[in-house]
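First to last, the sequence lines map onto chains A and B. Residue 96 in our numbering sits at position 81 of the first sequence, and the numbers go up by one each step. Residue 382 in our numbering sits at position 375 of the second sequence, and the numbers go up by one each step. No residue lacks a Cβ here, since even glycine has one placed at the ideal position from N, Cα and C. Below is one structure, written out as structure tokens; comments come after it.
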Amino acid sequence: MLETANAQGFPLLSLTVFLPLAGAVLIALMPKRHPLLDFAIAIMTAGAAFALSTGMLAGYDSDWMVNSPRAAFQFADPATPARWLPGGITFQIGVDGISIVLVWLTTLLSLLALLFSATAVRVRVREYIALMLILETGILGVFCALDLFLFYVFWEAALIPMILLIGIWGGSRRIYASYKFLLYTMAGSALMLVAIIGLAQWAGNGSFHYFDVIGGMVRPALDQRFGIPGTTFAMDLRVALFAAFALAFAVKVPLFPFHTWLPDAHVEAPTAGSVILAGVLLKMGTYGFVRFALPLFPEVAHAAAPWFLTLAVIGIWYGAWVAFAQEDMKSLVAYSSVSHMGIIMLGIFALNAIGMAGGVLQMVNHGLTTGALFLLVGMLYERAHTREIAAFGGLWSAMPRFSVLFLIILFASVGLPGTNGFVGEWLSLLGAYQAHPVWGILGAFGVILGALYMLSMFQRVFFGPQSELSASMTDLTAREIAVLLPLVVLVLWIGIYPATFLDPIEATSTVWAAALRAGAEVAVGP
Amino acid sequence: MPTFIPLLPLVLALPLAGVVLLVLFGGRIGGRASGWLATTMVGFAFLLSLAIAFEYEGLREAPASSGTEADHALDDEGSHSVEEHGASPEWPVIERKLWRWMRVNRSLPLVVAAEPLAVGDTIDETMLDIVDVPYTDALGILDLSISVHRMWSADQALGLVARDAIEVGEVLSDMNVSAGADQIRPLGIPEAVGDFSLDVGLRLDWLSVLMLLVITGVGFLIHIYSTGYMAHDPDRRRYFTYLNLFVFSMLVLVLGSSFLTLFVGWELVGACSYLLIGFWHRSEANASAGRKAFIVNRIGDLAFLVGMMLLWTHFGSLAFGDVLPRAAELTGLAAIAAPLLLLGGATGKSAQIPLYVWLPDAMAGPTPVSALIHAATMVTAGVYMIARVHPLFDNAPGAMAAVAVVGGATALIAALIALVQVDIKRVLAYSTVSQLGYMFMAVGSGAYVAGVFHLMTHAFFKALLFLGAGSLMHAMEHGAEHAGEHPEALDGIPYEQDMRHMGGLLRRAPRTGWTFLIGGLALAGVFPLAGFWSKDEILLEVLAHGGGLYTALYAVGLLTAFLTALYTGRQLLLVLFGEPRSEAAAQAGESPLSMTVPLIVLAVLSIVGGLPVLSALGAPFPERLGDVLGHHAVEGLDKIVLALIASAAALAGLGLAWWMYGRRVPDLGLMAGRAGAASRVLWGKLYVDEAYHILFVAPFVRIARVLWKFVDNGLVDGAVNGVGRSLLAAGQWSRRWQGGRVRGYGLSILLGAALMVAWLFVAAP
């Protein structure tokens with residue numbers, strides 16, 4: 016499976032990844048300040064990236080295991096790794112079934128966030144747009160990089176625009192929130208850099224390329240199992256390297272107890288920033304586990320799984336419980352993310368095919384649902400200039416369309432069958448149950464807890480006697496509906512016919528899960 | 008060739024199309040047209056269901072020629088004191104897969120030898136085949152390490168040398184194909200296993216046909232009724248959208264061919280219930296009742312969900328056709344846990360102890376909703392589900408007994424609480440809980456046919472009673488309008504629902520009154536109305552099951568029958584007879600035909616609904632349903648004597664009601680829990696809600712605040728900020744060589760990283 020292919024022979028993926036960056040550069044080069052033109056460029060480049068990634072999602076061959084050339088990583092660019100920097104650093108990007116859906120999600124949410132921002136941002140519009148586009152390229156690169164150093168570069172590249180977005184266009188405590196975000200992620204990523212350098216030296220024999228590194232990590236163990244002489248790493252070194260990766264990713268997810276930067280960052284971030292932050296930036300953490308921390312260290316992952324599953328379950332319970340107490344709608348959604356990301360982690364650390372497929376699908380689902388929730392709260396905030404739950408009440412009569420859309424997204428968030436949330440949660444929990452029933456059962460309590468905080472909030476905002484503030488609200492405009500409608504359609508689409516996304520995910524996660532189990536068996540013995 | 012059966016998905020599509028049309032165009036066509044659109048959709052669904060039912064009837068096969076390909080015989084292997092007849096089903100089970108919902112396993116390709124190889128042969132591509140091996144780690148069939156080894160090494164087998172004699176079809180890996188190593192290990196090709204995807208599919212047998220007819224039929228009547236009842240509501244469009252969505256969801260529930268499809272409907276009806284209970288959402292109480300219903304149901308759903316995970320783990324499938332015939336394979340803890348978890352789900356949906364508390368509050372919704380969802384269809388889903396998956400329960404007598412005990416206790420307690428209610432809808436609500444308990448007793452005794460039979464008759468007469476109550480409330484409002492004043496609301500109960508303000512309504516609203524009377528008598532179990540037959544059937548089966556527990560349950564059932572007649576008689580007397588006790592009742596008026604015609608149809612069904620069970624008529628009902636649920640014949644008991652005993656209990660209850668409330672003018676001052684300690688406790692609903700609040704709700708809310716304010720903002724965040732502050736202090740101390748704060752952090756992080764890299768290089772293997 017460690018093969019790349021580019022059947023098209025055309026740099027589709029590179030175009031997708033770098034188009035937004037090109038848009039940003041173009042905007043920066045524009046001689047005069049034409050906010051409308053800036054927006055047009057941004058929407059066009061982000062839209063083109065979305066169109067390209069849609070094409071790639073449709074063109075991704077989920078049956079790569081039987082179709083030649085049997086490469087999980089498709090649309091690779093360049094087809095063979097190119098030398099980039101001295102010291103064995105290569106350049107190659109490619110997508111497997113897990114990356115492709117995340118790439119697609121990123122381009123979609125970036126486009127919608129930009130569309131939303133057309134009215135929401137009034138100061139330094141040009142810089143804002145440019146940063147959004149740079150952010151998009153950074154995140155896309157993270158999901159495509161096939162070289163560990165390249166991955167790190169994109170990882171950091173995505174971080175900086177996000178910090179600036181929060182720090183410049185954020186709320187009243189934006190400076191505090193952005194520093195907190197910066198320090199948390201820096202602390203994690205610095206250790207990851209160390210681990211990457213170390214891996215390239217010993218496992219990759221001086222190459223930073225993913226295949227070389229993973230081959231170097233897994234081959235010796237396999238050889239040993241089958242009696243082929245070779246050296247393996249000392250276990251404590253593997254544990255240390257795993258821990259360095261895991262910390263960086265756990266902060267990003269965020270896994271309890273590394274989550275406290277998240278509510279601050281969300282509450283202060285501008286709406287579009289929250290959409291990207293919750294929608295795709297958090298997925299960089301879970302993606303990191305799936306792509307690096309687990310396959311590189313299968314035996315450590317197996318040994319550590321109970322710890323991560325415990326933290327995931329705590330996160331599910333704790334995030335939901337704290338969300339229940341929130342008075343601000345945005346921080347409620349932020350804490351709900353902690354809970355939902357717990358379900359994703361539960362699926363991933365089940366270390367089996369079903370759980371991993373469910374976890375990855377749930378990454379997409381959470382991106383769509385939480386993205387939509389932040390957009391909805393943002394639209395409300397634009398009108399009311401407050402997000403305090405108690406200030407509303409009886410909103411349904413004033414904003415019926417808004418209410419219906421909110422309701423559908425709420426159902427997706429609580430995992431009602433027929434919406435995307437159910438498919439992802441069910442598979443994640445089923446996978447966790449197979450790892451051990453206790454995890455599945457404890458995680459499944461999220462089903463009740465999610466309904467508790469979501470429905471309470473919904474009731475307080477939309478039902479009951481109408482508050483003065485609610486009465487003064489106007490319903491959604493056509494543009495706002497246009498921003499939300501794709502998300503609502505997708506919520507139902509994935510709920511009813513998930514194959515569009517689940518097939519590529521499942522094709523890849525089946526193999527990874529098998530590899531994980533095999534890798535662990537080999538190292539520890541069957 | 009069947010014409011209508013292939014159109015089964017259309018039955019689902021019609022109400023769903025109604026939802027879509029109402030969402031898209033409802034605003035343009037207005038409320039009245041919305042109502043008729045929704046009604047038409049359900050009407051067509053009902054007609055199509057009728058056609059399907061008739062066609063299905065025609066598919067009967069001669070008993071001898073069993074074993075067609077469509078057969079999925081659900082053999083009843085339980086051990087009962089009753090004999091079973093006719094094991095081979097006469098009607099085929101028709102299953103139809105609509106689409107693959109979730110793909111959860113995929114074949115892993117393995118490279119195998121296409122021709123035999125000797126040791127030392129050089130291998131090239133022409134000697135290889137790729138075969139698919141279905142992957143599942145649920146069953147652990149595949150030796151994963153081998154296949155994965157193969158995957159890691161990509162095509163390394165090519166051009167290598169066989170170090171082992173390789174048979175045709177043998178998996179090639181580094182173990183038998185290598186340039187150097189000499190170790191030889193045996194390899195086997197894993198056996199192919201089945202498809203493990205989760206499908207969306209439909210299943211047609213007599214159980215689902217019956218449910219189909221009840222849902223679309225009663226649903227159609229209630230849609231018609233609603234066009235009248237909701238005629239003046241500005242939000243009719245939203246109402247009918249929800250109502251159509253509910254019919255669709257309920258059909259998914261009963262037609263689903265797997266646990267998972269059933270669960271989809273199961274949760275969707277819960278969501279519709281949530282929306283419809285809180286339909287008049289401006290009132291805080293309604294919204295809270297809706298939320299309570301959803302969350303209590305979700306507690307049950309959690310159990311259901313875990314049950315499904317358990318079943319999947321054991322069977323690798325959730326399709327009824329895969330799981331149920333193999334139910335006996337479950338042993339030990341799983342055998343008892345699976346049905347108990349499903350029972351947990353059923354107690355939520357069907358409002359049984361301990362999760363019944365949501366149903367009485369659910370009466371906050373519009374009355375037709377109470378009739379359709381909270382009496383006739385949704386709340387019976389638990390009974391349907393247990394009957395549907397009965398092989399799992401047959402396999403665990405302990406779980407069966409649990410079902411029966413839960414049912415018996417619920418039936419009795421709810422009937423007791425119903426005795427003191429004064430709200431016309433609350434009496435019916437507790438009565439519904441109690442009657443559902445009856446059905447649970449039945450299915451818990453293995454009498455699935457009797458349970459489903461009672462489900463059907465109850466759907467007729469309880470829908471009738473609720474709709475009648477709605478019509479009477481209409482009549483009261485009408486009267487209050489005429490009188491220009493309305494009575495004061497007592498004990499927080501709206502005047503139009505308070506039976507203390509009613510009386511003599513039989514004369515003022517004769518069509519509603521007479522049909523309500525028929526419904527009440529059917530509920531009380533008066534011969535020969537529908538309720539008599541189904542209740543009698545249940546009591547008979549419970550007693551026939553034998554054993555001390557079931558004999559005690561028979562006594563409970565009998566007592567409940569007496570209580571049912573008592574509270575029903577009380578209600579009928581307070582509402583329909585005597586003198587009007589308010590100006591509104593005195594001037595009450597009859598409802599329009601759109602409301603009374605459905606009442607009349609339901610009244611007819613409540614009269615004749617029990618007849619299909621009669622052996623004199625060929626017992627068409629047990630014969631057909633027994634085809635799915637197992638044929639039972641009770642022997643050794645005198646049916647006539649038992650029927651007389653049950654009738655005597657019912658008549659005694661009605662008589663006592665007359666003695667207390669009909670003989671003289673009832674003392675209203677003693678009602679609503681003012682007639683001594685016992686009535687106060689019953690009026691307080693045994694304080695279960697209060698207990699739940701103290702035990703669960705209040706601590707949850709309090710802990711939530713503590714977790715947020717103290718733990719999250721204080722402890723977790725504080726710990727991290729503390730680390731930050733100590734770094735800051737270090738920065739202060741060392742500010743000679745480190746300038747700003749963040750740069751200071753960044754620098755120290757980089758410095759540390761560099762040190763670690765250095766250390767790693769030194770410590771490298």
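Which class does residue 715 of chain B belong to by DSSP, given the choice of helix, strand or coil? helix
Proximal residues to residue 31 of chain A (C-beta, below 6 Å), its chain only, five neighbours per side dropped: 64, 67 and 68
C-beta contact flag for residue 110 of chain A and residue 159 of chain A at 8 Å: yes
Which listed residue (B/36, B/265, B/134 and B/450) has its alpha carbon closest to that of residue 844 of chain B: Residue 844 of chain B lies beyond the range of chain B shown here (8 to 772); nothing can be said about it.
Closest Cβ-Cβ distance between residue 350 of chain B and chain A: below 8 Å? no
Which two residues bound the contiguous beta strand (DSSP E) that contains residue 110 of chain A? 104–110
For the alpha helix (DSSP H) containing residue 155 of chain A, list its first residue and its last residue. 140–159
Can you check DSSP and say which residues form a bridge with residue 208 of chain B? B/104
Rounded to whole angstroms, what's the CA-CA distance from residue 28 of chain A to residue 243 of chain B? Just pull it up for me. 51 Å
So residue 288 of chain B contacts chain A; which residues on that side make the cut at Cβ distance below 9 Å? 409, 411, 412, 474, 477, 478 and 479
Contained beta strand (DSSP E) runs [length at least 3] in the segment 429–474 of chain B, N- to C-terminal order: none
So, using beta-carbon positions, are residue 544 of chain A and residue 257 of chain A closer together than 8 Å? The displayed coordinates of chain A run from 16 to 541. Any statement about residue 544 of chain A would go beyond what the structure contains.
With a threshold of 7 Å on Cβ separation, who are the neighbours of residue 500 of chain B within its own chain once the five nearest residues in sequence on each side are excluded? 429 and 430
Tell whether a beta-carbon distance below 8 Å holds between residue 446 of chain A and residue 437 of chain A. no
If you reduce the DSSP assignment to three classes, tell me which class residue 11 of chain B lands in. coil
Is the Cβ of residue 89 of chain A closer than 8 Å to any Cβ of chain B? no
Is it true that the CB of residue 185 of chain A sits closer than 8 Å to the CB of residue 192 of chain A? yes
C-beta atoms of residue 386 of chain B and residue 358 of chain B nearer than 8 Å: yes
Look up residue 828 of chain B in the DSSP assignment and give the residues it is bridged to. There is simply no residue 828 of chain B to check, as chain B begins at 8 and stops at 772 in what is shown.
Closer than 8 Å to chain A by CB, residue 92 of chain B: Low confidence applies here, because residue 92 of chain B scores a pLDDT of 46, under 50, leaving its location unreliable; read the following figure in that light. Not closer than 8 Å to any Cβ of chain A, the Cβ of residue 92 of chain B fails to qualify, so no.
Determine the chain A residues that contact residue 389 of chain B at a beta-carbon separation under 8 Å, and present them in chain order. The contacting residues do not exist; residue 389 of chain B stays about 17 Å from chain A at best.
Say yes only if the C-beta of residue 521 of chain B is nearer than 7 Å to one or more non-hydrogen atoms of the ligand MG, and no if none qualify. No copy of the ligand MG appears in this structure; indeed no ligand is present at all.
Does any C-beta atom of chain B lie closer than 8 Å to the C-beta of residue 337 of chain A? yes
Give a yes or no on whether 8 Å exceeds the smallest Cβ distance from residue 68 of chain A to chain B. no
In chain order, what residues of the same chain lie with their CB nearer than 6 Å to the CB of residue 616 of chain B, ignoring the 5 residues before and after it? 464, 467 and 537
Residue 216 of chain A lies in the alpha helix (DSSP H); which residues open and close that run? 189–217
Can you confirm whether the segment 546–566 of chain B touches the segment 397–404 of chain B when touching is taken to mean that 3 or more C-beta pairs between the two stretches lie within less than 8 Å? no
Consult DSSP for residue 130 of chain B and reduce its assignment to one of helix, strand or coil. coil
Relative to the C-alpha of residue 638 of chain B, which residue among B/209, B/31, B/289 and B/456 is closest? B/456
Residues bridged to residue 92 of chain A by DSSP? A/108
Quick one: is residue 694 of chain B buried, meaning 16 or more other Cβ sit within 10 Å of its Cβ, or exposed? exposed
Opening and closing residue of the alpha helix (DSSP H) in which residue 595 of chain B lies: Run containing residue 595 of chain B: none; DSSP gives neither H nor E here.
Using a Cβ cut-off of 8 Å (strictly closer), state whether residue 237 of chain B contacts chain E. As a matter of chain content, chain E is missing from the structure shown, whose protein chains are A and B.
Cβ closer than 9 Å: which chain A residues qualify as neighbours of residue 275 of chain B? 431, 432 and 433
In terms of residues, what are the limits of the alpha helix (DSSP H) holding residue 250 of chain A? 250–267
Taking 8 Å as the threshold (C-beta atoms), are residue 350 of chain A and residue 365 of chain A in contact? no
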